[in-house]
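Everything on this sheet refers to the single structure shown next.
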């Protein structure tokens, strides 16, 4: 009425609850929360375009419906409830009222309206996140002042919320990772921006969000869309970008409508004589290119645009014209004179380019007329074809004749070894002394020791020093020992020999093969020896050789983002010191790895590693006597061995710049 605009929301029955209302200045909106109601609108957004009102949007969630009136600028408004109608009056406009579709009520609940008036001393009293029963994510801010002004907007995949002139305590200024809740909300960042509180909500997937406030609790809810809703959005996705217009005509000539669109877009229009007929249409606030597409499809027409000129004709006529043009071009090519051209290649192989050009699937040469010949000596192509074909061939060859990028593969094969062994043994027995002329006899078997067999003490008196050992358990690896004559029993001497050995060793073998190769080209480098083997056949005995080498085989592939995919085969073979055939031929110890990896330029990657440990404890003893406490030490020998070996393989690819040379 008058200079105002009224938006009337009609329910199926009387509205008993007062709507909750608040407004925002940026963007200018009037927001109504109708609790206990669901939306019966076919489309969530209804365009208005009258006075200060641009459109109205209605969304529902958890037993309430939020109606958002989008304005050109904020202006005075009045909300009234009249039985089953909610009347939104926007003052200061000069257009008639617009009525929206009905809203179906569901158990109305009474709520008091909210006002957008702010008092001083406002701050955030709490931050919370909850997951709803249907997978919706709820970001909840507890406000000390329910009248705080809220500014909410969407920026890409983020929803940004500013609580104006509201302080944020330090304990709430942080990032909240809520991705484990399985909702559209992944991250919530709350920070202070001057006197305001700034909230950024990072989302993922397709969702529908709305904000509502009850007293001091502000809730921003993100509801994931159902499969049906996603399909509906995809079906209605706007693929037209033209300026919007409205058309409402009854039985108007098609040529006249096309002329109106040409005048609206300032484009030049050429219409075929066969474009005839009448059309009736009512299009409200649609892009002009969508309106043109609808009109053309309705009348079986097609269009072709060249610059700012649009040609419209029946689809069949356009297809026939294009077919004739193609046939004419083909005839021109068949009759065009042939020309020759020489192209010398700098980097590409002329034979490979020839195979590519003559490939029947590519059709780069004119069938039956074009030809290509290669001069291998100068790496030159001799082309014969029409002028237009030669021009396209030059462009193709120019794109292919480029230097291939190169990669240096630097690898390290590290073998680290450490060993430790400790041995302890004992042997003892008796020796008898005698005078010249006596008969010689012993009590035990004789074993060779470290003291000479016979020693003359004085003229006519000698000692038989052959070791008549009763226990012979020396340390196996010992090269020396301590031999003691520790006592005399009658005419016998008690002889004891102790032997011990401890050995420690550490070693590291680093092999560093490196090779430079072109992109997608296989490179092999190896170094080592060949071991001869004898084989027997019908022709006799032959000698063959088996490689025992350090080998690096690699095929790199440089990706567009300057990373390297490498197909690697690295092996390190050595003649074996422990494995041999019956004829004495030595075996081969092999260490190898075959893999494919993706590595950044200049980055080092560990392809793999093997850790090997040998731990051994060996005891040799005389039965029963070796088990005696203390005394058993003289009847046994011990060996403790601990060997460690580790293999690591490192690879570093480096893409070589064209301006650098490799030394």
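In this note's numbering, the protein residues as written are 9 to 671. Backbone N, C-alpha and C fix where the C-beta goes; we use that ideal spot for every residue, glycine too.
3-residue-minimum beta strand (DSSP E) runs that sit fully inside the stretch 127 to 215, ordered along the chain: Secondary structure in the stretch 127 to 215: the beta strand (DSSP E) runs of 3 residues or longer, each lying completely within the stretch, are 132 to 139, 145 to 151, 158 to 163, 166 to 171, 182 to 185, 193 to 201, 204 to 211 in chain order.
Provide the residue span of the beta strand (DSSP E) that contains residue 262, from first to last. Residue 262 -> not in any beta strand (DSSP E); alpha helix (DSSP H) instead, spanning 262 to 273.
Could you tell me whether the stretch 187 to 201 touches the stretch 64 to 75, using the rule of 3 or more Cβ pairs below 8 Å? no
Per DSSP, residue 311 forms a beta bridge with which residues? 320
Spell out a yes or no on whether the stretch 630 to 642 and the stretch 541 to 554 are touching, meaning 3 or more CB-CB pairs, one atom from each, closer than 8 Å. Taking one beta carbon from each stretch, the stretch 630 to 642 and the stretch 541 to 554 have fewer than 3 pairs nearer than 8 Å; the two do not touch.
Using a threshold of 7 Å, state whether the C-beta atoms of residue 309 and residue 317 are closer than that. no
Measure the C-alpha to C-alpha separation of residue 432 and residue 511 and round it to an integer number of angstroms. 12 Å
Inspect the CB distances between the stretch 147 to 167 and the stretch 235 to 244 and report whether three or more fall short of 8 Å. no
Counted within 10 angstroms of its Cβ, other Cβ atoms place residue 248 as buried (16 or more) or exposed: exposed
Report the residue ranges of all alpha helix (DSSP H) runs contained in full by the stretch 355 to 441; include only those spanning at least 4 residues, in chain order. Those alpha helix (DSSP H) runs which fall completely within the stretch 355 to 441 and span 4+ residues are 358 to 365, 395 to 408.
By a C-beta neighbour count over all protein chains shown, 10 Å radius and 16 as the cutoff for buried, is residue 411 buried or exposed? exposed
Residue 20 versus residue 29 - alpha carbon distance: Whole-angstrom Cα-Cα distance: 21 Å.
If you compare alpha carbons, which of 17, 232, 148, 267 is closest to residue 208? Here the closest residue by C-alpha is 148.
Between the stretch 381 to 393 and the stretch 347 to 354, do three or more beta carbon pairs fall short of 8 Å? yes
Opposing strand residues paired with residue 608 [DSSP bridges]: 571
Please identify the residue among 594, 525, 297, 573 whose C-alpha is closest to the C-alpha of residue 554. 594
For residue 21, does the three-state DSSP call read helix, strand or coil? coil
Can you tell which of 626, 312, 549 has its C-alpha closest to the C-alpha of residue 297? 312
In the structure shown, what three-state DSSP assignment does residue 657 receive? strand
According to DSSP, is residue 547 helix, strand or coil? coil
Per DSSP, which residues does residue 565 bridge with? Please list them. For residue 565, which the question treats as bridged, DSSP gives the partners 573.
Let's see if you can read the secondary structure: which residues bound the beta strand (DSSP E) around residue 624? 613 to 629
Can you tell me the Cα-Cα spacing of residue 303 and residue 264, whole angstroms? 12 Å
Using a threshold of 7 Å, state whether the C-beta atoms of residue 2 and residue 415 are closer than that. This structure does not reach residue 2, given that the chain is present from 9 up to 671, and the question cannot be answered.
Look up residue 4 in the DSSP assignment and give the residues it is bridged to. What is shown of the chain runs 9 to 671, which leaves residue 4 out entirely.
Pull up the DSSP beta-bridge partners for residue 337, would you. Partner(s): none; residue 337 has no beta bridge.
Apart from the five residues just before and just after residue 657, which ones in its own chain have a Cβ nearer than 8 Å to its Cβ? 419, 420, 421, 422, 578, 601, 614, 615, 616, 617
Does the Cβ of residue 335 have 16 or more other Cβ atoms within 10 Å, making it buried, or fewer, making it exposed? exposed
Three-state class that DSSP yields for residue 235 in the structure shown: Looking at residue 235 - three-state DSSP - the assignment turns out to be helix.
Tell me, please, which residues DSSP counts as bridged to residue 524. 416
Evaluate residue 156 with the Cβ neighbour count: other Cβ atoms within 10 Å of its Cβ, from every protein chain shown; 16 or more gives buried, anything less gives exposed. buried
May I ask you to report which of helix, strand or coil DSSP gives residue 344? Looking at residue 344 - three-state DSSP - the assignment turns out to be coil, as it is neither helix nor strand.
Could you name the residues of the same chain whose beta carbon sits closer than 6 Å to that of residue 290, not counting the 5 residues immediately before and after it, in chain order? 256
Just tell me which of 277, 340, 513 has its CA closest to the CA of residue 314. 277
Distance check for residue 205 and residue 180, CA to CA, integer angstroms please. 10 Å
Residue 27 to residue 98, Cα distance in whole Å? Spanning the two alpha carbons is a distance of roughly 16 Å.
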